[in-house]
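Basically the numbering used here = 1-based index in the sequence shown + 5. No residue lacks a Cβ here, since even glycine has one placed at the ideal position from N, Cα and C. Computed from a predicted structure; not experimentally measured. In what follows, a structure is listed as C-alpha cells, so that the remarks can point back to it.
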Amino acid sequence: MTNSKLRCALGAAFALATLGSAAMAQEVNIYSSRHYDSDDKLYAKFTEETGITVNRIEGEADELIARLEAEGDNSPADVFITVDIGRMGRAEEAGLLQPVESEVIENAVPAHLRDPENMWFGVSQRARIIFYSKDRVENPPRTYEALADEAMKGKICIRSSKNIYNQSLLASIIEADGEDAARDWAEGIVANMARNPEGGDTDQLRGLVSGECDVAVANHYYFLRGFDQEVDGLTEGLDGIGWVWPNQSDRGAHLNLAAAAMVKSAPNPDAAKTFLEFLTSEFAQQHFASQNNEYPAVPGIGLDEDTARLGFFIADNDTMTASFGDNAAKAQKIFNEVGWQ
Ligand code: FE
C-alpha cells in the first residue's frame with residue numbers, strides 16, 4: 006500500500022512537472038478484489054513499459070461492486086478485477102461494465118474464457134476438484150456427478166452454498182446436465198455430507214486430515230498452499246491426501262476464473278485497454294497465475310513448479326464460463342430447494 010501510494014505521489018509529481026509540455030502523464034485506476042503484496046511488481050512493470058501510472062483500490066468484490074454502483078458515472082475506476090466469474094457476472098448485470106474490442110485479448114484468451122459480448126475476460130484459472138483420504142477411500146469419485154452416488158453417504162465435506170465457488174460449480178452442472186439433473190445432484194450431495202457445511206475450502210481439506218471427512222471438494226490452490234507454507238491442520242497431513250481431476254473422460258474439470266473488465270464510466274479508457282491487454286502478456290500471465298498457484302488463461306504459458314505438482318488434466322473447455330453467471334439464479338434456487346446450507 007505504502008509503495009503504491011508513493012507511486013501515486015510520484016505519478017502526480019510527474020504529471021505536474023510535465024504540465025505544459027507534450028502530454029499529461031496517463032494513469033489507470035483499478036478496483037481489484039485480488040490482493041497480493043507482490044502485485045506491486047506487476048504494476049511497476051506495466052508502468053515501466055507504458056509510462057502509465059497505476060492507482061488501485063483493493064477490497065472484497067461485493068464491496069467494490071457496491072462502491073461502483075454508489076459512485077455511478079463519477080467513479081474514478083477504469084478497470085475491475087475479480088477472482089471469480091460469479092461476481093463479475095453481478096457487475097455485468099448491474100450495468101457497471103463496458104465491452105472492450107481488442108484483437109490482442111481475442112487472440113490470447115480462448116473464447117470459452119471470455120464473455121461473448123467482450124464485457125470481461127479470464128486472466129487466470131482455478132480448478133475446483135475432488136480430494137480424498139488415501140487411507141480410507143479406495144475408489145474415489147471420478148466425476149462431480151459421482152459425488153452424489155449413494156456410496157458416498159456420510160463421507161463428503163463441502164462448504165456452504167453461500168460460497169461463490171459452489172454457486173459457479175452448480176451453475177456449470179446446470180449447463181452440462183440440465184436443471185433437473187443438477188437439482189438431483191445437489192440433493193444427493195446434501196444427503197452425502199459428512200457434516201453440515203462449515204468453514205472455507207481449507208477447512209474441508211483439514212477434515213480429511215482430522216478424519217471427519219473422507220472426500221472433500223476444494224479449489225486446487227488451497228491444497229498447494231499447504232506445501233508452500235505451514236497451514237495448521239493441513240500441512241502435516243498432505244501425504245495422506247489424494248486428488249482427482251474430475252470428469253476426465255467426458256467434459257473435463259470445472260475451472261473458475263479470475264477476470265478483468267473495463268468499467269462503464271472509465272475516465273481513462275485508452276489506458277485501461279492498454280492495461281487489460283498487458284494482463285494477457287507472458288509476464289503478467291506468469292505473475293498473475295503463480296501468485297496463487299493458478300493456471301494461466303492464455304494457452305502455452307509455463308506453470309511454476311508448485312502448480313505443476315498436480316499434473317496434467319483436461320479442463321472443461323466446452324462449458325462457457327459466461328454460463329456460470331447466467332445460471333447463478335437457477336443455482337441459488339436449487340440450493341434453497343434442496344436445503345444446502
Ligand atoms: Fe479462494
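For residue j and residue i, the rounded distance between their alpha carbons
{"i": "residue 38", "j": "residue 200", "result": "30 Å"}
{"i": "residue 331", "j": "residue 94", "result": "8 Å"}
{"i": "residue 11", "j": "residue 49", "result": "Any answer about residue 11 is weak, because its pLDDT of 42 lies below 50 and its placement is not dependable; what the coordinates show is given next. Computed Cα separation, rounded: 12 Å."}
{"i": "residue 113", "j": "residue 286", "result": "8 Å"}
{"i": "residue 96", "j": "residue 242", "result": "39 Å"}
{"i": "residue 26", "j": "residue 55", "result": "Unreliable positioning characterises residue 26 in this predicted model, as indicated by a pLDDT of 39, which lies under 50. A coordinate reading is not provided."}
{"i": "residue 75", "j": "residue 247", "result": "46 Å"}
{"i": "residue 188", "j": "residue 346", "result": "14 Å"}
{"i": "residue 78", "j": "residue 32", "result": "18 Å"}
{"i": "residue 101", "j": "residue 73", "result": "7 Å"}
{"i": "residue 60", "j": "residue 35", "result": "6 Å"}
{"i": "residue 197", "j": "residue 230", "result": "27 Å"}
Exposure label - residue i; buried when at least 16 CB within 10 Å
{"i": "residue 92", "result": "buried"}
{"i": "residue 80", "result": "buried"}
{"i": "residue 159", "result": "exposed"}
{"i": "residue 129", "result": "buried"}
{"i": "residue 295", "result": "buried"}
{"i": "residue 167", "result": "exposed"}
{"i": "residue 252", "result": "buried"}
{"i": "residue 304", "result": "exposed"}
{"i": "residue 215", "result": "exposed"}
{"i": "residue 317", "result": "exposed"}
{"i": "residue 269", "result": "buried"}
{"i": "residue 254", "result": "exposed"}
{"i": "residue 153", "result": "buried"}
{"i": "residue 341", "result": "exposed"}
{"i": "residue 51", "result": "buried"}
{"i": "residue 43", "result": "exposed"}
{"i": "residue 146", "result": "buried"}
request  = Let me know the alpha helix (DSSP H) ranges lying completely inside the segment 100–131, each 4 residues or longer, listed in chain order.
outcome  = 108–113
query = With a cut-off of 8 Å, do at least 3 Cβ pairs link the segment 210–219 to the segment 136–155?
reply = yes
request  = Let me know the beta strand (DSSP E) ranges lying completely inside the segment 240–273, each 3 residues or longer, listed in chain order.
outcome  = 246–249, 260–268
message = If contact is defined by three or more beta carbon pairs under 8 Å, each pair taking one atom from either stretch, is the segment 121–135 in contact with the segment 224–241?
response = yes
inquiry  = For the structure I just gave you, are there three or more beta carbon pairs, one from the segment 317–333 and one from the segment 115–122, closer than 8 Å?
reply    = yes
inquiry  = Restricting to runs no shorter than 4 residues, where is the alpha helix (DSSP H) found entirely within the segment 148–222?
reply    = 169–182, 184–197, 206–215
request  = Say whether the segment 177–191 touches the segment 203–210, bearing in mind that this needs 3 or more beta-carbon pairs closer than 8 Å, one atom from each stretch.
outcome  = no
Every unbroken beta strand (DSSP E) inside the segment 23–84 [3 residues or more] = 32–37, 58–63
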